[in-house]
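Numbering (our numbering), first residue to last: 3 to 50. Structure record follows, encoded as structure tokens.
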């Protein structure tokens, strides 16, 4: 997953958005990965 997210960071424009759908049991781990790659300040909202 980290490799895919890193590639998304490369191709995503600074004004772009990323919507990630995942299993509720993995969402905390993936959120931590997204924070590490994109920065926690870029998190906007969570759809539950």
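Here a beta-carbon is modelled for each residue, glycine too, at the ideal position from N, C-alpha and C.
Is residue i buried or exposed, if buried means 16 or more other CB atoms sit within 10 Å of its CB?
| i | result |
| --- | --- |
| residue 36 | buried |
Let's see if you can read the secondary structure: which residues bound the alpha helix (DSSP H) around residue i?
| i | result |
| --- | --- |
| residue 6 | 4-13 |
| residue 30 | 29-40 |
Kindly indicate which residue of the options has the alpha-carbon position closest to the one of residue i.
| i | options | result |
| --- | --- | --- |
| residue 9 | 50, 49, 40, 31 | 40 |
| residue 50 | 43, 4, 19, 29 | 29 |
Thinking C-beta only, is residue j closer than 8 Å to residue i?
| i | j | result |
| --- | --- | --- |
| residue 22 | residue 32 | yes |
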